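Comments concern the structure below.
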Amino acid sequence: MSRKPSDSHIDHYRRRFLKGLGGAVAAAATPGTARAAWGGNTLADTFADLFQDHYQRMTPEEIADTLARIERKAKRRYGTNITCKNTPPQDGVVYGYALNISKCRGYRECVSACMLENNLSRDMRYIQVLEMDNGSLNFEKADRYYDHRTVPAKGKYYLPIQCMHCDDAPCVKACPVEATWTEPDGIVVVDYDWCIGCRYCMIACPYEARHFNWGKPDLTAGEINPDTHFLGNRPRPTGVVEKCHFCIQRTRENRQPACQEACPTGARIFGNILDPNSEIRYVLENKAVFRLKEDLGTEPKFWYFHDN
Amino acid sequence: MACIAGRSITHAGAWPVAFCPVLLLAFAFLLFTAPPAAADDWDMDWEDPAPAPGYKSGAGSTGGPVGAEPSASTADGSESRPDAATGEDDWDWDWEETDTGPAYKSDTTRRVDPAAASMPKVPRVGETAEPDFSVSPKSGHQLFADVPGFGVIPSIKDKGMHPCSNCHTWAKSNLTPRRLRVPHDNFLLQHGLHGKGEFWCFTCHHLDGAGGLRTLEGERLSFDDAYILCAQCHPGETRDWSFGAHGKRVDNWQGNRRILNCTACHYQHRPNIKPRKAVPPPPVRRGLERNDRKPHVAAPLWEKIGARYREPGQP
Amino acid sequence: MLFRFIKYAFGQLIRGPLAYWLWLALLGCGIVFGGWHYYGQLRDGLIVTNMSDQVAWGFYISNFTFLVGVAAAAVMLAIPAYIFDRRDIKDVVLMGDTMAVTAVIMAMLFIMVDLGRPDRIWHLIPGIGRFHFPASMLAWDVVVLSGYLMLNLGISFYILYNHFQDKQPVVSRYFPFVILAIFWAISIHTVTAFLYSSNPGRPYWHTALLAPRFIASAFASGPALMIIGFQIIKRVIGYPISKSVISLLAIIIAFALQVTLFFIGTEIFTEFYNEGAHAASFRYLYFGLDGATALQPWIWTSLIMLVIATLILMIHRLRNNMFLLNVACVLTIIGVWIEKGMGLVIPGSVPTPLGEILEYLPNATEVSISIGIWCIGFLVFTLLAKAAAPIECKMLENRHFSKEELI
Chain Y
17 MSRKPSDSHI DHYRRRFLKG LGGAVAAAAT PGTARAAWGG NTLADTFADL FQDHYQRMTP
77 EEIADTLARI ERKAKRRYGT NITCKNTPPQ DGVVYGYALN ISKCRGYREC VSACMLENNL
137 SRDMRYIQVL EMDNGSLNFE KADRYYDHRT VPAKGKYYLP IQCMHCDDAP CVKACPVEAT
197 WTEPDGIVVV DYDWCIGCRY CMIACPYEAR HFNWGKPDLT AGEINPDTHF LGNRPRPTGV
257 VEKCHFCIQR TRENRQPACQ EACPTGARIF GNILDPNSEI RYVLENKAVF RLKEDLGTEP
317 KFWYFHDN
Chain S
-11 MACIAGRSIT HAGAWPVAFC PVLLLAFAFL LFTAPPAAAD DWDMDWEDPA PAPGYKSGAG
49 STGGPVGAEP SASTADGSES RPDAATGEDD WDWDWEETDT GPAYKSDTTR RVDPAAASMP
109 KVPRVGETAE PDFSVSPKSG HQLFADVPGF GVIPSIKDKG MHPCSNCHTW AKSNLTPRRL
169 RVPHDNFLLQ HGLHGKGEFW CFTCHHLDGA GGLRTLEGER LSFDDAYILC AQCHPGETRD
229 WSFGAHGKRV DNWQGNRRIL NCTACHYQHR PNIKPRKAVP PPPVRRGLER NDRKPHVAAP
289 LWEKIGARYR EPGQP
Chain X
810 MLFRFIKYAF GQLIRGPLAY WLWLALLGCG IVFGGWHYYG QLRDGLIVTN MSDQVAWGFY
870 ISNFTFLVGV AAAAVMLAIP AYIFDRRDIK DVVLMGDTMA VTAVIMAMLF IMVDLGRPDR
930 IWHLIPGIGR FHFPASMLAW DVVVLSGYLM LNLGISFYIL YNHFQDKQPV VSRYFPFVIL
990 AIFWAISIHT VTAFLYSSNP GRPYWHTALL APRFIASAFA SGPALMIIGF QIIKRVIGYP
1050 ISKSVISLLA IIIAFALQVT LFFIGTEIFT EFYNEGAHAA SFRYLYFGLD GATALQPWIW
1110 TSLIMLVIAT LILMIHRLRN NMFLLNVACV LTIIGVWIEK GMGLVIPGSV PTPLGEILEY
1170 LPNATEVSIS IGIWCIGFLV FTLLAKAAAP IECKMLENRH FSKEELI
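Quick note, the sequences are listed as chains Y, S and X, same order. If you want the numbering used here, it's the 1-based position in the first sequence plus 16. Residue numbers are given in the numbering used here: position 121 of the second sequence equals residue 109, and the series is strictly consecutive. If you want the numbering used here, it's the 1-based position in the third sequence plus 809.
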């Protein structure tokens, strides 16, 4: 992350301010550091939560501390041992997604796999599968709650929609505290510990890709996926916005995202759009592709295509 | 039996019950010997709600690249043509014992007991269980110029997909090319043209054993090279598949490219994927109720315009 | 001297008739009532409201939008007072500023209660936090609202403090700030409109007409509130209000309402002449969509109210009737509150960008918390007016109003 030089002195004072606070708190909280008498957060952890810095401004040591604290909190909250990673982006990689709408049959396997993988509150879904009328691309007539005996239903086709990871994302522009930004590998991420919960990004998003933790996430211990990433599927607090992050905990380790893995029809193609030999580049260069609401100028990195 | 059905047959279609009591006995036997997990459905994995079909594959691929070695099967044109074999009543089903060439390994090496052959539990997302790729698939064939290298995941489903031996250990095979009737049409050959009497068993299978594959030109193929067979009639799909626009890459998006074989998703005898139940619809935020929206009746534009031209009173 | 001023102001606050204390007690009850519900919202999260991922902004933001308009409308006193040098308006301009200050404070409170993590509000402070300025329109809104609050407080304090010392404030010292405040007032409502209209994914808001519409309706609702407020101040405190002030404000409302209705009409024409998917929100609002009609009664009530108010205000004889004028003002306030509040915010999310219809109406918690904030607003206004009015009244004593001049 490059920092403007003019920021440096502000940064200095900010750090001093936060350090001062943290120091005072640590001094006050030393007896409680080991374990809080009431079994909840220790005082030090509580204050560290309260004054946690923005992800992009944390030093590696601060990030390590934060990751450890996140793991401790998860243990306390869910009784589960999770690992919270901070896998960095890979050089020369920008992720893109292509979805074959002639293959999608509306099974919603991606939807539930995503929910399980990403520790979503059980009343939240990152992916909406819209059931569309043949011969039309009118969202007003779409139905995301279809519940037929079998799918695909006659006269319908299916259009899964998730975060498009726009190159010029309106949500990133909207955030008043820079709690959401585009990573170098093109993933639009959220710092759940920095979001103030104003929900302006949800208003700005043309794809309904952002979701809010209205209450405490509805998640039980047994359902936790312990493989987590700071910017990805770690347990979320109440009152913050979250969204699809292309399974950052998987894809940054070269694995396919959960929705791709779960898709029973092979409709989903994920890859590096900078790699001319990647599958996604083949699709983009050889198929008739389109993007939803491309006219809004947000440059989504999620394409749809048909067979032939 | 050369081909052991890894799964019981409980096909819901119209089994001619009176057709053969022995078959029923065999069926019952299989039902009891097959592991419960496998005793679900004939259509099994193609309608299995588990996320990824054929995703976890344990068996290694053994076939060699087509074209790299000329198929060493002794099959010449006359032998492999069904009409040439017509009249050969005591067809030797024990085809493993026939001489197979070096480039082709018989199915014995891939034979597994029914329990192992049953569809492995596909790990749900979030489970730590890693798919076992200890047997690395062979590198891809150079089907098209510039195709990026790939390895094909052998489809373990193949083991259970050859129920021929259920009957043809004792029933005579009629090798006359013809449109198949009962019982075959219940579980075989609903594959486009194939089921319409255009193709039949030995269009794709080698004569010296129903399990073996052959190209239209008579070249022997391993089951793991089934995609080459498919490519004969579906070059467009195969091209998309080999470049990654069709089918499915497993495990990673970068690095060793391993893709599922055609037969992992398409049951070769009935390639159309059957409709099935979807995962339940999403909820709205807890504490709220979804508006009861009337299911809207979709009238495509052509019907709306067509209605204008229709005479009043006519349907 | 400053100390004396503060002492005097506080002295005013703790002195009052029984009715004053009862009024404060009533407001206190309302605040405690709202506060109790806000405590519940803090504890459980915004899940206690009726908002959802589909309709992420609801009643709080609706009130916020309306109140920013009220705040901006103070300019309707500042312009005649300072630009056209109307003496009678200058006499009341401080009361208008008080109303603006109150409205800004309430608007900020409505934003606060809408936040999912109010404990992280410090993330907005530049330097310590990360303030996404100038990219984020919400950051702009924070800047313009707090700036407007500062400007109004500063100007009011300067004038009041001088009046307290029986001096005339030096015009050259505060006039630049007055001019700045005039532009700033327009900007707060423009920026608030941009908050909505900058979202191409929400066609209902994505129109350049939104800012003019906002300003027009603000210049109707703000003066309407002032007319009502001034009469109350006159009655309760005995603050002299000229009839000319009222008639000027009434004419402003009449103009603003006509422009507002014209804007609404043009929007309706544009959306419905060739009705596309972009008109779905309009259709939902005015006629209902797929059987969802929750806002329909509201918006028609609003429209009818605005039309009646416009008719009353357009006809001289009716407008000059004080009772009918008050009726028109009340109709205007409620009409604009619906039109610019619920009628503007909610249809932006119904249907959602992906065409889902999940209807929204505020639940008891949201209404309760909003009542609490309105009570805070009334309290702030009462206290500010209570402290400032006597100083102004003293100042106005040497002006000799004839009985006919005053309302």
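Idealized CB from N, CA, C, for every residue including glycine. Predicted, not measured: the structure shown is a model, and the values here were computed from it.
Judged by DSSP in its simplified three-state form, Phe1023(X) adopts helix.
For Ile86(Y), the closest of Glu310(Y), Lys309(Y), Gln276(Y) and Gly248(Y) by C-alpha to C-alpha distance is Gly248(Y).
Using a CB distance cut-off of 9 Å, His998(X) does not count as an interface residue toward chain Y. Contact with chain X is found for Leu276(S), since one of that chain's Cβ atoms lies less than 9 Å from the residue's Cβ. Three or more beta-carbon pairs separated by less than 8 Å link the region 875 to 888 of chain X to the region 1021 to 1038 of chain X, which places the two stretches in contact. Residues of the region 261 to 273 of chain S whose Cβ lies closer than 9 Å to any Cβ of chain Y, in chain order: Ile261, Lys262, Pro263, Arg264, Lys265, Ala266, Val267, Pro268, Pro269, Pro270, Pro271, Val272 and Arg273.
Chain-ordered listing is empty here: chain Y has no CB closer than 9 Å to the CB of Arg246(S), the nearest sitting near 11 Å. Look at Asp862(X): its C-beta is under 9 Å from a C-beta on chain S. In summary, Met1151(X) is buried, with 16 or more beta-carbon neighbours lying within 10 Å of its beta-carbon over all protein chains present.
In terms of Cα proximity to Asp159(Y), the closest of Arg1022(X), Leu1066(X), Asp1099(X) and Val1145(X) is Asp1099(X). Residue Phe228(Y) holds the alpha-carbon nearest to the alpha-carbon of Lys259(Y) among Phe228(Y), Asn102(Y), Ala278(Y) and Glu78(Y). A check of alpha carbon separations from Thr999(X) across Leu1018(X), Ile988(X) and Pro1009(X) identifies Leu1018(X) as the nearest. Excluding the 5 residues flanking it on each side, Pro1012(X) has same chain C-beta neighbours closer than 6 Å at His1087, in chain order. Here the region 938 to 952 of chain X does not lie against the region 971 to 987 of chain X, with fewer than 3 beta-carbon pairs under 8 Å apart. For Met959(X), no pairing in a beta bridge is given by DSSP. Apart from sequence neighbours up to five positions away, the residues of its chain that approach Leu924(X) with a beta-carbon distance below 8 Å are Ile930, ordered along the chain. The straight-line gap separating the alpha-carbon atoms of Thr96(Y) and Glu199(Y) is approximately 29 Å.
Put simply, the region 138 to 151 of chain Y touches the region 162 to 180 of chain Y. At least three CB pairs are less than 8 Å apart. In this structure the region 104 to 111 of chain Y touches the region 277 to 288 of chain Y; the number of beta carbon pairs closer than 8 Å is three or more.
DSSP assignment within the region 57 to 144 of chain Y yields the following whole alpha helix (DSSP H) runs of 4 residues or more, N-terminal first: 59 to 66, 76 to 94 and 125 to 133. Between the beta-carbon of Asn961(X) and that of Ala909(X) there is about 5 Å, and that keeps the pair under the 8 Å contact cut. Residue range Asp243 to His245 is occupied by the beta strand (DSSP E) that includes Asp243(Y). Between Ile870(X) and the set Glu1201(X), Gly1157(X) and Glu1214(X), the nearest pair of CA atoms involves Gly1157(X). Phe919(X) sits in a helix when the DSSP states are folded into three classes. Cβ-Cβ separation between Ala1196(X) and Leu903(X): approximately 11 Å, too far for a contact (criterion under 8 Å).
Look at Asp201(Y): its C-beta is not under 9 Å from any C-beta on chain S.
Between the alpha carbons of Arg250(Y) and Val256(Y) lies a distance of about 13 Å. Judged by DSSP secondary structure, Asn872(X) falls within the alpha helix (DSSP H) whose first and last residues are Phe868 to Ala881. Among the bridge pairs identified by DSSP, Ala887(X) is matched with none. Contact of Ile1155(X) with chain S is not assigned, every C-beta pair being separated by 9 Å or more. Under DSSP, the beta-bridge partners assigned to Thr198(Y) are Val204(Y). Not a single CB atom of chain S sits nearer than 9 Å to the CB of Asn1129(X).
A distance below 7 Å between beta-carbons, with the five flanking residues on each side excluded, links Ile203(Y) to the following residues of its chain, in chain order: Tyr111, His181, His261, Phe262 and Ile264. Residues Cys192, Leu201, Thr203 and Leu209 of the same chain have their beta carbon placed closer than 7 Å to that of Leu217(S), with the five preceding and five following residues left out of the count.
In the DSSP assignment, Phe942(X) falls outside any alpha helix (DSSP H) and carries neither an H nor an E. Chain S has no Cβ within less than 9 Å of the Cβ of Glu1175(X).
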